[in-house]
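Participant: FYI, in the numbering used here the residues of the sequence shown are 604 to 1343. A virtual CB, placed ideally from N, CA and C, is assigned to each residue, including glycine.
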Amino acid sequence: MENKLPPPDTEHRAIIDSGKEGYNIIVNAVAGSGKTTTGFHFANEINNDILMITYNKSLQYDVENNIQKYGITNISPYTYHALAGIIYNECNTDIHMDNIIKYNTPPKSIISQSIIIIDETQDQSELYYKFIKKLLKDANKKFQLIIMGDVNQVVYKVKGADSRFLSFADEIWKEYGQFKHLHMSTSYRLTKQVAFFINKVMLGKNRITAIKDGPPVDYIIINVYNIFDTTIKPILDSKKYRPDDIFILAPSVKGNDSPIKKIERSLVEYNIKNPKNKYPIYFPSNDDFGGSSHERKGKIAFDTFNSSKGRERKLVLLLSFDSSYYKYNGKDESKSICPDLFYVAASRAKEKLIVFHHYKHDYLPFLKTQNLYNNNIKIITNNPLEITDIKEKEYINTSPTKLVEYLTNDFSIYYDKVRDSVFNIINKKEELITLPSYIEKDGLVENVSSINGLIIPAMYQARCNNGTVSSIFKEIKSKIAEEDNSILNKELAKIKGKCNKIEEFCHLYAVYYSWREKINHKLIQIGKFDWLKNHENDVEKCINRLGSFIKDTTDLHFEIKISSEIDDNYEKINKWIKHHLGENFGNYVITAYIDVIKNLDTIELKCVNELKPEHELQLILYYWIYSICYPKCDKLRFILFNLCTNEIKELDISKKDLLNEIICKLLLSKKEKNLLSDEDFIQKCLKFNPDKIETVNRMKEISDNYILLQIKLLLEEHHLDYQNNDSKENLLAKFRPLKF
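#1: Enumerate in chain order the residues of its own chain whose CB-to-CB distance from D925 is below 7 Å, with the five nearest sequence positions on each side excluded.
#2: Which of the three DSSP states is assigned to I823 in this structure?
#3: The alpha helix (DSSP H) that contains G1056, what's its start and end?
#4: Taking one C-beta from the stretch 1220-1231 and one from the stretch 1004-1014 each time, how about it: are there three or more such pairs within less than 8 Å?
#5: State the DSSP-derived secondary structure class of G901, mapped to helix, strand or coil.
#6: Sort R868, D840, G817 and L1038 by Cα distance to D1345 and report the nearest one.
#7: On a CA-only basis, which of C694, V1199, K607 and G622 is nearest Q671? Give me that one, please.
#8: Please work out which residues of its chain come closer than 8 Å, Cβ to Cβ, to S790, disregarding the five sequence neighbours upstream and downstream, and give them in chain order.
#9: Throw me the rounded Cβ distance for the L739 and V1025 pair, which I believe falls under 8 Å.
#10: Is it buried or exposed for G752, if we count other Cβ within 10 angstroms and need 16 for buried?
#11: Shortest alpha-carbon distance to S679 belongs to which of S911, F643 and W1227?
#12: Between the beta-carbon of D1141 and the beta-carbon of L1038, is there less than 8 Å?
#13: Give the DSSP-derived three-state secondary structure of Y681 in the structure shown.
#14: Is the distance from the Cβ of V1051 to the Cβ of W1134 below 8 Å?
#15: Contact defined as beta carbons within less than 8 Å: I believe Q1128 pairs with P883. What is the distance between those atoms, to the nearest angstrom?
#16: Which residue's Cα is closest to the Cα of T972: K953, V947 and C941?
#17: Tell me whether I656 sits in a helix, a strand or coil according to DSSP, three-state version.
#18: Apply the 10 Å Cβ neighbour rule to M1302 and answer buried if 16 or more other Cβ atoms are within range, or exposed otherwise.
#19: Pick helix, strand or coil for S923, following the three-state DSSP scheme.
#20: With burial defined as no fewer than 16 other Cβ atoms inside 10 Å of the residue's Cβ, what is the status of E1033: buried or exposed?
#21: I need the boundaries of the alpha helix (DSSP H) containing M700, first residue and last residue.
#22: In three-state terms, what does DSSP make of M1302?
#23: Sort W1179, P1216 and F1244 by Cα distance to I1197 and report the nearest one.
#24: Could you pull out every residue in the same chain whose Cβ sits closer than 6 Å to the Cβ of Y1018, ignoring the five residues on either side in sequence?
#25: Counting along the chain, where does the alpha helix (DSSP H) carrying A646 start and finish?
#26: Just list the alpha helix (DSSP H) runs in the stretch 703-746, keeping only unbroken ones of 4 residues or longer that don't cross its boundaries, in chain order.
#27: Can you give the Cα-Cα distance for F850 and K711, rounded to whole angstroms?
#28: Expressed to the nearest angstrom, what Euclidean distance is found between the alpha-carbon atoms of K1276 and R1148?
#29: Comparing C-alpha positions only, which one of I656, N650, I649 and I698 sits nearest to I1016?
#30: Could you tell me the distance, in whole angstroms, from the CA atom of K902 to the CA atom of D847?
#31: Can you tell me whether N809 is buried or exposed, with buried defined as 16 or more other CB within 10 angstroms of its CB?
#32: With 16 as the cutoff for other CB atoms within 10 Å, does Y1233 come out buried or exposed?
#33: Under a Cβ-count criterion, where at least 16 other Cβ atoms within 10 Å of its own Cβ denotes burial, should K1295 be classed as buried or exposed?
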């Protein structure tokens, strides 16, 4: 039986009727106002088919599920990339999309729909705008455009998102006719109390109207390391909320000593002590990992502000609601305006919002603190304010994994052009070995892919030690002994230092993963460590692949920590950064773990379906740290090895200038860029023409060919070898050292 859509309100009706009359529409909609529902009503009242473009797969799946739920038959939802793949060529990445635009790829088919809804347009980037412009031009017919979003919910600025693709849509799409500007200002998700807090305290303007009543927002001034005992435990004991009613949100889930990880560990202990009132946990592996809905199902969700977008829960607990945000996360953001990420996080709450302010930090500078004293807000002072100046961190603590999160479109496109020049293929892809990434227990799903990546080298290491794992066990035990973690010690005691079976390896490395990441839930929630038991042949193949490559097992080391914090390496790294990127760029401490070091080989192992640019960039970053801290590393080999496909790549460290260029561009891409003025932004959008781009690119190719011919002549003149089929980047790398 089909469900019935909630009736449209007057704002919904204005959009539906304007759409039925054929108008182009710009809809600026607040959080929880029913954009999708409005689109469904519009679809139900017309006979035409509608193409809906969503920002990502998660949003596409949500629309598909609701289409089925409400029996909608004339809406087809696609992501930008999925649509590009259907109309043009395979398009799994921004690089593929850029090539479609750059070479003005002719369409394989034409869009059949004449009505297009572009959702979440505030997160559109220049690349996605250009793609839509080409898509519509290639169709060569009249379209009705309905452009939706929320100018206050930009979550992908780090990837080039710009809310002006929504707010100036009438200017940049004016060739398709006039637009109506309509609004959806009533939130059916938020309570009046949460709406008041967002409007009056955070934004300083009346943006959201709410119609349902609820409890006051709790503004708690507290030692954030005591949150679990003082606030969360009483909520759990009350049994008022189910696990999947609760969000715990922070700007980042990284940092071993962070409050969010302290809460996670306390919650695991609570679950062990209260088996009849357990609250299973979802905790992402990094800030860039949104995770899937089935991983979150039935669990308290720990998430970043970013990854909470598009989701909602009854109770939201919001951390870092104080001035520390600007010291650790939003260093480049304006302090006078509420960052979109705070608006996004606070507007996830369907019923109750609790925000936590650490007692040693000042208020968020954009807050209208005079409006806190109101019946809609309950101020709870667990610790009196003792504001101390937060010294600007002398350095940015990061890792290669962190640095390759959220690659910008521009950097991804640049790197795609040079990646083949810095890697040599040692072994091409072979048979794909698929290991289980997810396991299910008691209706809950756990992701074990990160643990798989630890187990295979550990089993190989044990074989190198005559089949014993005693040295590995002792090493892990000594690391855990340095910390007071009774959970890990109890789990280690169950293993007793023996790993004769694959289940015991899974158990041991689930313990090790928990120690390294400083989170315990996965270890406890997995329960049975037998997910590889029926895949021993596949595991054996992976181990044999590693053994065939390494061969000689003397002087073999696993999981080696490298850090720019050791000795004077910190100064060396930052001297390099200042020299290449300027005195004011910032100081970095970069910590990483190398999977395997064998004599002169530094090997990064992956257990994935295919190697991605992020994996290559991690290895380049390892080389970069080595090259600065240990200058004699020019004798080392840096290897990227995917055990699941037997694909092996070696970094060409003779391309030092090009590798330095990649590092510079990667680090620069992490800095916030100066935005174009509104006028320049509009003009840049209007000037884009796919046909002209193709002509310009062809002229550039002719020019490049001439330049390369001159480079070849210069190389010959200096008696330097080259191959006629050398890529442009290879020739340039040989050309760079020449002095004139």
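Facilitator: Here's the rundown:
#1: Contacts found: H960, H961, H964, D965, Y966 and L967.
#2: strand
#3: S1052 to C1067
#4: yes
#5: coil
#6: Since the first and last residues shown for the chain are 604 and 1343, residue 1345 lies out of range.
#7: K607
#8: V633, A634, G635, S636, A798, I811, T812, A813 and S950
#9: No, L739 and V1025 are not in contact; Cβ-Cβ is about 37 Å, not under 8 Å.
#10: buried
#11: F643
#12: Taking 8 Å as the Cβ cut-off, D1141 and L1038 qualify as a contacting pair.
#13: strand
#14: Contact check for V1051 against W1134 passes: the beta carbons are separated by less than 8 Å.
#15: Indeed they touch by this definition, with Cβ atoms about 6 Å apart.
#16: C941
#17: strand
#18: Model confidence at M1302 stands at a pLDDT of 48, short of 50, so the residue's coordinates are unreliable and nothing is read from them.
#19: coil
#20: Answer is exposed; the Cβ neighbour count stays below 16.
#21: It spans D697 to K705 - the alpha helix (DSSP H) in which M700 sits, taken as one unbroken run.
#22: Reliability of the predicted coordinates at M1302 is poor, the pLDDT of 48 falling under 50, and no value is obtained from them.
#23: F1244
#24: Taken in chain order, the residues that qualify are P1216.
#25: K638 to N647
#26: 729-742
#27: When only Cα atoms are considered, F850 and K711 end up about 44 Å apart.
#28: 44 Å
#29: I698
#30: Rounded to whole angstroms, K902 to D847 spans 5 Å at the Cα level.
#31: A residue is called buried when at least 16 other Cβ atoms come within 10 angstroms of its Cβ; N809 does not meet this threshold and is exposed.
#32: Counting of Cβ neighbours within 10 angstroms places Y1233 among the exposed residues, the total staying below 16.
#33: exposed
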